[in-house]
Structures are given as structure tokens and as C-alpha cells.
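Asker: Structure provided below as C-alpha cells; questions to follow.
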Amino acid sequence: MKQIIIATKNKGKAKEFKEFFAGYGIETKSLLDFEKEIQDIEETGSTFEENAALKAEQIRDLLSVPVLADDSGLIIDALNGRPGIFSARYAGEPKSDQANIKKVLAELKTVPEKVRTARFICVLAIAIPGEETIFRTGYCEGKIDFEVKGSNGFGYDPIFTPEGYSKTMAQLSPAEKNSISHRKQAIIQLEEWMNNQ
29 MKQIIIATKN KGKAKEFKEF FAGYGIETKS LLDFEKEIQD IEETGSTFEE
79 NAALKAEQIR DLLSVPVLAD DSGLIIDALN GRPGIFSARY AGEPKSDQAN
129 IKKVLAELKT VPEKVRTARF ICVLAIAIPG EETIFRTGYC EGKIDFEVKG
179 SNGFGYDPIF TPEGYSKTMA QLSPAEKNSI SHRKQAIIQL EEWMNNQ
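Numbering of the sequence shown is given in the numbering used here, commencing with residue 29 and proceeding in unit increments.
The structure is reproduced here in C-alpha cells:
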């Protein structure tokens, strides 16, 4: 594998994977690097794995090259796993981090601290022409706070306190957050796979 396409239009995510694969001498391109725009793949799967695979496999079939895609979200135990695969659009369209947070906090209003357990999940799918799609999953365990705290990060970071911390993800420095994030954990799993190639 000399090159891999990162199925994202998120510059931060593209940069993170570029740095990771550079260590293996693999060049990366993101969906932002193509002159002809690649349409967003509709996430019609019912699991994180299905959605990550849909993106990776459809773009692999389109370009005939290895593709990495991810799907991530927040799983809250007291809400039976919601928002789950609907994390980005939990409060409906257009997507809004503030509206999503508000909805989660309202739904958990009467839930005591000890049962506000939750985790961020990141599923990576690597689709290589002629091969079975590979999955690697990372988690970041924690709990949902009672109020918004911090201004770093995005999504549910201001209400998510990682295990072993007394601050929310949005109160951590970017370096601290990146060292424990669900994406980082998934990349560690990916590293093991890469080392065995």
C-alpha cells in the first residue's frame, strides 16, 4: 500500500491520518484533494461499522484505491445507547452541536451522576480493492456532566468528562484530548494492524 484515501472533508482529521501514515511511508489524500468533488456518501447503516464501511467501500469502488473511513459518535447507557449513530444530527437538521447538547442534557435531567456513564466510539474501516474490509474500534469511557463546561473541542466535548478526569473534554488542552480520544484509541488498534502488514 503506497497511498490511501482518507474519506473525509475535515482538515483536522485528514492531517491526523496524514501524520500517522507518513510514519509508514504511505501517502494520503483526503476528499478535499480532488479537483472533481466526490459526493458525500449517505450513511444509511444501522451501526457505526456499517456506516464506516459504506463510505470506505463506495469510494474504493469509485477510485480503485485503498480507502479509510471512520464513523464516530456518543453512546449513553441511560439513554439505551442514544444518540449513537445519530450523534451528529440528534436534535434534527440542520445539525447543531448546541441543540444536540441541549437535548441530551434535557433527557438526562433526572438521571443521577453514578448512572450517567457514556463513551465516545470511533470505528475505522479500511477498504482495499479485492480484499475484505478491515475494522478497528476505539473508545473513550466517561460520563455526562450536568452542564456545559469548557470551550475547546466540538460536538459533545463540553458535557463529556473522561474517566479519571475531573474536567470535560472541552476543558482539556488539544494535546491532552488527543492522547485519550476515541480516534486515538482506534489509531492505536490500526497501528497494530499496520505493523503486521
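No residue lacks a Cβ here, since even glycine has one placed at the ideal position from N, Cα and C. Given the structure is predicted, the values throughout are model-derived calculations rather than measurements.
For residue 170, which residues does DSSP report across the bridge?
Answerer: In DSSP, residue 170 forms a bridge with 146, 190.
Asker: Go ahead and label residue 196 buried or exposed: buried means 16 or more other beta carbons lie within 10 angstroms of its beta carbon, across all protein chains shown.
Answerer: With 16 or more Cβ atoms within 10 Å of its Cβ, residue 196 is classed as buried.
Asker: How long is the line joining the alpha carbons of residue 198 and residue 182, rounded to whole angstroms?
Answerer: The alpha-carbon atoms of residue 198 and residue 182 are separated by roughly 7 Å.
Asker: With C-beta atoms as the reference, is residue 59 less than 8 Å away from residue 41?
Answerer: Contact: no.
Asker: Is the CB of residue 186 under 8 Å away from at least one CB in chain C?
Answerer: You won't find chain C in this structure, because it holds only one protein chain.
Asker: Using the C-alpha atoms, what's the distance from residue 56 back to residue 45?
Answerer: Their Cα atoms are separated by approximately 8 Å.
Asker: With DSSP run on the structure shown, which of helix, strand or coil describes residue 132?
Answerer: DSSP places residue 132 in helix when its eight states are reduced to three.
Asker: Assign residue 66 to one of three DSSP states: helix, strand, or coil.
Answerer: Correct three-state label for residue 66: coil.
Asker: By how many angstroms is the C-alpha of residue 214 removed from the C-alpha of residue 82?
Answerer: Each residue's Cα considered, the two are about 18 Å apart.
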